[in-house]
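The structure appears right after this line, and notes come after that.
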Amino acid sequence: MFQVIAARQLSDAVFEMTVDAPAVARKAAAGQFFILRADEHGERVPFTFSDWSADEGWIRFVFMRVGVTTHKLSHMAAGDSLADLAGPLGNATVVGGLGRVAVVGGGVGAAVAYPVARAMCAAGDRVTVILGARTAGLLILREEFEALPLEGLVIVTDDGSEGVKGLVTHPLKEMCEQRAVDHVMAIGPAIMMKFCAATTREYGVPTTVSLNPIMVDGTGMCGACRVTVGGQTKFGCVDGPDFDGHLVDFEELMSRQRVYVDDERSADAEYSRGCSCRV
Amino acid sequence: MPERAPLERIADFAEVNLGYSDQDALAEAERCLQCRDPKCSEGCPVGVDIKSFIARILEGDAAGSIEVIKERGPLPAVCGRVCPQEEQCEASCVLARTGEPVAIGRLERYVADHDLAGALEHRCRPAADEPTGRRVAVIGSGPAGLACAGELACRGHEVTVFESLHVPGGVLVYGIPEFRLPKEIVASEIEMLHQIGVKIVTDAVIGSIHTVQELLDEEGFDAAFIGIGAGLPVFLGIPGENLNGVYSSNEFLTRVNLMRAHEFPKSDTPVWRGRKVAVLGGGNVAMDAARTALRLGAEEAFLIYRRTEDEMPARREELRHARAEGVDFRMLCAPSEIVGRDGFVTGIVVTRMELGEPDSSGRRAPVCVVGSEFEIECDTVIVAIGTRPNATLGKAAPAVGLDRRGYVVTDDDGATDLPGVYAGGDIVTGSATVILAMGAGKRAARSIDGWLASRG
Numbered sequence: 004m005f006q007v008i009a010a011r012q013l014s015d016a017v018f019e020m021t022v023d024a025p026a027v028a029r030k031a032a033a034g035q036f037f038i039l040r041a042d043e044h045g046e047r048v049p050f051t052f053s054d055w056s057a058d059e060g061w062i063r064f065v066f067m068r069v070g071v072t073t074h075k076l077s078h079m080a081a082g083d084s085l086a087d088l089a090g091p092l093g094n095a096t097v098v099g100g101l102g103r104v105a106v107v108g109g110g111v112g113a114a115v116a117y118p119v120a121r122a123m124c125a126a127g128d129r130v131t132v133i134l135g136a137r138t139a140g141l142l143i144l145r146e147e148f149e150a151l152p153l154e155g156l157v158i159v160t161d162d163g164s165e166g167v168k169g170l171v172t173h174p175l176k177e178m179c180e181q182r183a184v185d186h187v188m189a190i191g192p193a194i195m196m197k198f199c200a201a202t203t204r205e206y207g208v209p210t211t212v213s214l215n216p217i218m219v220d221g222t223g224m225c226g227a228c229r230v231t232v233g234g235q236t237k238f239g240c241v242d243g244p245d246f247d248g249h250l251v252d253f254e255e256l257m258s259r260q261r262v263y264v265d266d267e268r269s270a271d272a273e274y275s276r277g278c279s280c281r282v
Numbered sequence: 002m003p004e005r006a007p008l009e010r011i012a013d014f015a016e017v018n019l020g021y022s023d024q025d026a027l028a029e030a031e032r033c034l035q036c037r038d039p040k041c042s043e044g045c046p047v048g049v050d051i052k053s054f055i056a057r058i059l060e061g062d063a064a065g066s067i068e069v070i071k072e073r074g075p076l077p078a079v080c081g082r083v084c085p086q087e088e089q090c091e092a093s094c095v096l097a098r099t100g101e102p103v104a105i106g107r108l109e110r111y112v113a114d115h116d117l118a119g120a121l122e123h124r125c126r127p128a129a130d131e132p133t134g135r136r137v138a139v140i141g142s143g144p145a146g147l148a149c150a151g152e153l154a155c156r157g158h159e160v161t162v163f164e165s166l167h168v169p170g171g172v173l174v175y176g177i178p179e180f181r182l183p184k185e186i187v188a189s190e191i192e193m194l195h196q197i198g199v200k201i202v203t204d205a206v207i208g209s210i211h212t213v214q215e216l217l218d219e220e221g222f223d224a225a226f227i228g229i230g231a232g233l234p235v236f237l238g239i240p241g242e243n244l245n246g247v248y249s250s251n252e253f254l255t256r257v258n259l260m261r262a263h264e265f266p267k268s269d270t271p272v273w274r275g276r277k278v279a280v281l282g283g284g285n286v287a288m289d290a291a292r293t294a295l296r297l298g299a300e301e302a303f304l305i306y307r308r309t310e311d312e313m314p315a316r317r318e319e320l321r322h323a324r325a326e327g328v329d330f331r332m333l334c335a336p337s338e339i340v341g342r343d344g345f346v347t348g349i350v351v352t353r354m355e356l357g358e359p360d361s362s363g364r365r366a367p368v369c370v371v372g373s374e375f376e377i378e379c380d381t382v383i384v385a386i387g388t389r390p391n392a393t394l395g396k397a398a399p400a401v402g403l404d405r406r407g408y409v410v411t412d413d414d415g416a417t418d419l420p421g422v423y424a425g426g427d428i429v430t431g432s433a434t435v436i437l438a439m440g441a442g443k444r445a446a447r448s449i450d451g452w453l454a455s456r457g
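Respectively, the protein sequence lines represent chains A and B. To get the working numbering, take the position in the first sequence, counting from 1, and add 3. To get the working numbering, take the position in the second sequence, counting from 1, and add 1.
The following block contains the structure:
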C-alpha cells in the first residue's frame, strides 16, 4: 500500500496528489511516469510525475477527473492509501544542450511540463514556457512556473480570461517566425500536441511530444500503448513516452485513446451512483 | 480425467478439468508397472521420483506422495495442470510404447490438490537448512523465479523476489487463464514459499528502482537471479495492426486474467468484447485467447494459422478443448492486412497457403497461393505469434551478455558473464514451458548455492 501524504483540488475537476513512495522517488526523472491502482478492483493507469522528492521519499502528480480511477482518486485524502504504485517507467526527457526551448503545457499537461522545464533550466537550457488552458480558472501551477529561472512565461486562454486570448500555437508560431526557438517540447492533450507539431514543422524546429496512450503493465509486455512514429510501431511505455512530434501519427493515437470511451462512461456512471459526491 | 461439458464451461471461467476422485486416482496408479528401472523420471525436466510418488498413492499415503514430489518438483499443483507431460514423463513411460501411458500429470495434480485442500499448517512443507545469512535477489516471480526462490530458501538463504506487477506469479497469473489454472491454486503454492521464508515484493520494477548491479553493490545482496521472461509481444507488422480491436495475446489475456476484465464494471478494467474474434497463431497461447474470447461472449472465435493442425505447436489437449468449445480452425491462411472503419477492425485479409518442402524447423513450410487473397469478417484480432525478451532487461542489467536475439547468455548452470548474476527461464531460452523454466530456476539455485559456499 502507498499512503497519500497530501491531496488538493487545483480547479473544478483537476486534483493534485502526493504519495509516499521512497523507492520510486529516489529514481524519478522529468518526463517519466508511474502506474497506479487506486484499490483492489482498480485499473492500472499511468500518470506522469509533476514533482517528487528523493530525500523525503514522495512523488506527486496532477489528474483530471474523467473516469472511475480518477474519480476514486479525487475522493482520497491524506492518510488514505493506493493499492499499488510502480515506477519510475519510461525514458526521462532529454534535457541540456537544447539551446532556446519553448515548453508548451496545455491543461493538465502543464503539471508534467513543470519538472521538464525545471530540469531544462537546471541543465542550462534557456526556457520559455507557454501555459495554456480553456479559461483562467483551469490554469494550474502558475506560481511554481513563476519561481523557475525562465526566459519568459506566456499565459494563453481560449476565452482570454487570463493572459493572451487564443491557443498555445499562436505564441509558438510567433517564436518560430522570430527564429527565437531552437527546440519545442509540447505536453498536453493529443490534439494540442498535434497542432504544436504542425506549427513547428513548417519552420523546421525540432519538436518533442510526451504521449499518453492507454497502458496496462507499463513495462513493454502488452502493447496497448503502441503508437506509429515515422511509419514504425513503437511502444509508448518503453520506447517513449517522448517522441519526435513531427513523426507521430496523432490521428491513430487519438483513435486508440478513445477505444474504451463507452466502457469508461458506463463504469463511471455506475460508480457515481454509489458515490456520495455528485459530479 | 473428468471435465466439464463444453457448453457449460464456456459460460464461465471456472476450471475445465475436474481432477481425479480418490477411486480414479487409485485405479490410474494401479496401471503403473513400478518398473525396476523407470524411464519416466528421465523425461521429467526436474527429475521427480515418479515411481515412488505413485507407489505412495497405491499405499493410500497421499501426504507421503506429495513429499516425494516436492523433493524435486516445485509448485506441483501448477505442474500437474500445465506441464506437457505427453512429451515428457508420459512419453517415457513404458506403457506408452504399446498403448496409453500412466497419466502421471493427472496423478501429480491429484496429490497436489489433496495437499492444498488441507489447512496450511498440515500442508507439506519443504525442509529448510539452517540460515546461511546470505541474501539472494530474484528478479521476476514467474515459474523460473519462484522455483529458484524456493530452492534457495530450502538451502537456508534469505531470498527476496522482486515482481513488477501487483500480483506475484508472472505468466501463471497474467497469461494462463483461470479455466486452465485457477489463480487460487497459484496463490496457495506461493503462500507455501512465504511460509519457508521467501519474501516477495510486488510493484517493484528492477531497472526502475534498482539495477541488478545496485542490488549487489548497494542493497546487500550476495547474488541475483534474473528470471524476467520473454514478455514483449511480437506483432506481424502488417497494415491495420494498430486499429482498435487488435490486441496482443498478452494484453488480451492480461486484461482478463490479471485485471479481471470479465467482471467489468465490478473490476475497473475493460476489455473489448468482440462478436467475431480472429486469433492469429497455433500455440497454447492462441488456444487460451480463443477460448477466453468465447467466454467473454463471442459468437465466433477462430484461429488463423499458416500451416495445418498437425504443425500447430499447441498441446493436443488444448486443441481438443478448443475444438470442443467451438473454436473454429482456419488452416493454411496467412494474414496480410487488417482492415477497419472509423478506427475499429472490420475484417482481416488472408492469403491461402500450401505446404511445401520442410524448412529449418523440420516442419513443411507454407507457400503462398498467388491471387488467393480473401477477407474474413471480424471485429477483434488477437495476435498470438510469440514473444521476445522483456523490455526491462536493458535497464535492469545493461552489462549482462546477450545473444544476437537479445536473450541472456548463461552456462549450463545458469551463470551469466557477470559475477554473482544468474539467469534462467524464457529470458535465456526464449518462450518455452513452465516446467523448463522451473527446471532452469532450480538449476541456477543450486549453482548460486555452490557459488555462495565457495566464497566462504
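Where is the CB? At the ideal position from N, CA and C, for every residue including glycine.
Name, going along the chain, the residues of the stretch 263 to 279 of chain A whose beta-carbon falls closer than 8 angstroms to a beta-carbon of chain B. TYR263, ASP266, GLU267, SER269, ALA270, GLU273 and TYR274
Taking the C-alpha atoms as reference points, what is the distance between ILE227 of chain B and ASN391 of chain B? As a working note, residue 227 of chain B is residue 226 in the second sequence. As a working note, residue 391 of chain B is residue 390 in the second sequence. Each residue's Cα considered, the two are about 11 angstroms apart.
Cutting at 7 angstroms between CB atoms, please list the residues of its own chain near VAL187 of chain B, excluding the five before and the five after it. Counting from one through the second sequence, the residue named residue 187 of chain B turns up at place 186. For VAL187 of chain B, where only same-chain residues beyond five positions count, the Cβ hits under 7 angstroms are VAL79, GLY170, LEU173 and VAL174.
For GLU255 of chain A, would you say it is in contact with chain B, using Cβ-to-Cβ distances shorter than 8 angstroms as the test? Translated into positions along the first sequence, residue 255 of chain A becomes position 252. Yes, contact with chain B.
Cβ atoms of ILE190 of chain A and GLY112 of chain A: under 8 angstroms apart, would you say? In the first sequence, counting from the first residue as 1, residue 112 of chain A sits at position 109. In the first sequence, counting from the first residue as 1, residue 190 of chain A sits at position 187. Yes, the Cβ-Cβ distance between GLY112 of chain A and ILE190 of chain A is below 8 angstroms.
Name, please, each residue of chain A whose Cβ falls closer than 7 angstroms to the Cβ of SER249 of chain B. Here the question's residue 249 of chain B lines up with position 248 in the second sequence. Within chain A, the residues near SER249 of chain B are CYS225 and GLY226.
In the structure shown, what three-state DSSP assignment does TRP273 of chain B receive? Indexing the second sequence from 1 puts residue 273 of chain B at position 272. Coil at TRP273 of chain B, not helix or strand.
Taking a cut of 7 angstroms between CB atoms, which residues from the stretch 384 to 399 of chain B lie near chain A? ASN391, ALA392 and THR393
What beta strand (DSSP E) runs, 3 residues minimum, are completely inside the stretch 120 to 202 of chain A? 129 to 136, 155 to 160 and 186 to 190
Answer with buried or exposed for MET4 of chain A, where buried requires no fewer than 16 other C-beta atoms within 10 angstroms of its C-beta. Locating residue 4 of chain A in the first sequence gives position 1, where the first residue counts as 1. Classification for MET4 of chain A: exposed.
Contact list for the stretch 130 to 159 of chain A against chain B, Cβ threshold 9 angstroms: none
For HIS78 of chain A, return the contacting residues in chain B, with the cut-off set at a CB-CB distance below 9 angstroms. Taking the first residue of the first sequence as 1, we reach residue 78 of chain A at position 75. By Cβ distance, chain B contributes nothing, its closest Cβ being about 14 angstroms from HIS78 of chain A, past 9 angstroms.
GLY233 of chain A to ASN243 of chain B, Cα distance in whole Å? To locate residue 233 of chain A, count along the first sequence from 1; it is residue 230. To locate residue 243 of chain B, count along the second sequence from 1; it is residue 242. Computed Cα separation, rounded: 14 angstroms.
Within 10 angstroms of its Cβ, does LEU453 of chain B collect 16 or more other Cβ (buried), or is it exposed? As a working note, residue 453 of chain B is residue 452 in the second sequence. Counting Cβ neighbours within 10 Å, LEU453 of chain B comes out buried, since at least 16 surround it.
Looking only at C-alpha atoms, which of B:PRO3, B:GLY100, B:ASP380 and B:GLU122 sits nearest to GLY246 of chain B? In the second sequence, residue 246 of chain B corresponds to position 245, counting from 1. Nearest C-alpha to GLY246 of chain B: B:ASP380.
Contacting residues, own chain, Cβ-Cβ under 6 angstroms from PRO46 of chain B (five flanking each side not counted): The sequence position of residue 46 of chain B within the second sequence is 45, counting from 1. The residues are ILE436, LEU437 and GLY440.
Interface residues of chain B facing ARG121 of chain A [CB-CB closer than 9 angstroms]: Position 118 of the first sequence, counted from the first residue, corresponds to residue 121 of chain A. Simply none; closest approach about 21 angstroms.
Top-ranked residue by Cα proximity to LEU182 of chain B, from B:LEU259, B:SER249 and B:THR161: Taking the second sequence and counting its residues from 1, the one referred to as residue 182 of chain B is at position 181. Selected option, being the one with the closest Cα: B:LEU259.
For the beta strand (DSSP E) that PRO91 of chain A lies in, which residues bound it at each end? Translated into the one-based positions of the first sequence, residue 91 of chain A becomes position 88. From DSSP, the beta strand (DSSP E) with PRO91 of chain A extends over 87 to 92.
Under 7 angstroms Cβ-Cβ, which residues of chain B neighbour PRO118 of chain A? Translated into the one-based positions of the first sequence, residue 118 of chain A becomes position 115. Under the 7 angstroms cutoff, chain B gives no residues; its nearest Cβ is about 17 angstroms from PRO118 of chain A.
Supposed contact pair VAL368 of chain B and MET354 of chain B - C-beta distance, whole angstroms, cut 8 angstroms: The residue you call residue 354 of chain B lines up with position 353 of the second sequence. The residue you call residue 368 of chain B lines up with position 367 of the second sequence. Yes, they are in contact, since the Cβ atoms of MET354 of chain B and VAL368 of chain B sit about 6 angstroms apart, within 8 angstroms.
Contact with chain A by ASP289 of chain B, beta-carbon distance below 8 angstroms: As a first step, residue 289 of chain B is located in the second sequence; it is residue number 288 there, counting from the start. No - not a single Cβ of chain A is within 8 angstroms of the one on ASP289 of chain B.
Output, in chain order, the set of chain A residues within a Cβ distance shorter than 8 angstroms of PRO178 of chain B. Taking the first residue of the second sequence as position 1, residue 178 of chain B is located at position 177. Neighbours of PRO178 of chain B on chain A: none; closest Cβ ~16 angstroms, over 8 angstroms.
Just to confirm the assignment, what range does the beta strand (DSSP E) spanning ILE339 of chain B have? As a position in the second sequence, residue 339 of chain B is number 338, starting the count at 1. Segment 334 to 342, the beta strand (DSSP E) holding ILE339 of chain B.
Which whole-angstrom value is the C-beta distance of LEU39 of chain A and PHE52 of chain A, which I expect to be below 8 angstroms? As a first step, residue 39 of chain A must be located in the first sequence, where it is residue number 36. As a first step, residue 52 of chain A must be located in the first sequence, where it is residue number 49. With 8 angstroms as the limit, LEU39 of chain A and PHE52 of chain A do not qualify as a contact, their Cβ atoms being about 12 angstroms apart.
Under 9 angstroms by beta carbon: chain A residues contacting GLU252 of chain B: Here the question's residue 252 of chain B lines up with position 251 in the second sequence. Those within 9 angstroms of GLU252 of chain B in chain A are VAL219, ASP220, MET224, CYS225, GLY226 and ALA227.
By the 10 Å Cβ neighbour count, where 16 or more other Cβ atoms means buried, how is LYS443 of chain B classified, buried or exposed? On the second sequence, residue 443 of chain B is found 442 positions in, with the first residue counted as 1. Answer is buried; the Cβ neighbour count reaches 16.
Run through chain B and tell me which residues come within less than 7 angstroms of SER258 of chain A, C-beta to C-beta. Numbered from its first residue, the first sequence carries residue 258 of chain A at position 255. Simply ASN245 and GLY344.
Per-residue DSSP class, three states only, for GLY65 of chain B: Here residue 65 of chain B refers to the residue found at position 64 when the second sequence is read from its first residue. Correct three-state label for GLY65 of chain B: helix.
Do PHE330 of chain B and LEU356 of chain B have their CB atoms nearer than 8 angstroms? Within the second sequence, residue 330 of chain B is the residue found at index 329, counting from 1. Within the second sequence, residue 356 of chain B is the residue found at index 355, counting from 1. Not a contact, by the Cβ cut-off of 8 angstroms.
Output, in chain order, the set of chain B residues within a Cβ distance shorter than 7 angstroms of HIS44 of chain A. Numbered from its first residue, the first sequence carries residue 44 of chain A at position 41. LYS267, SER268 and ASP269, listed in chain order.
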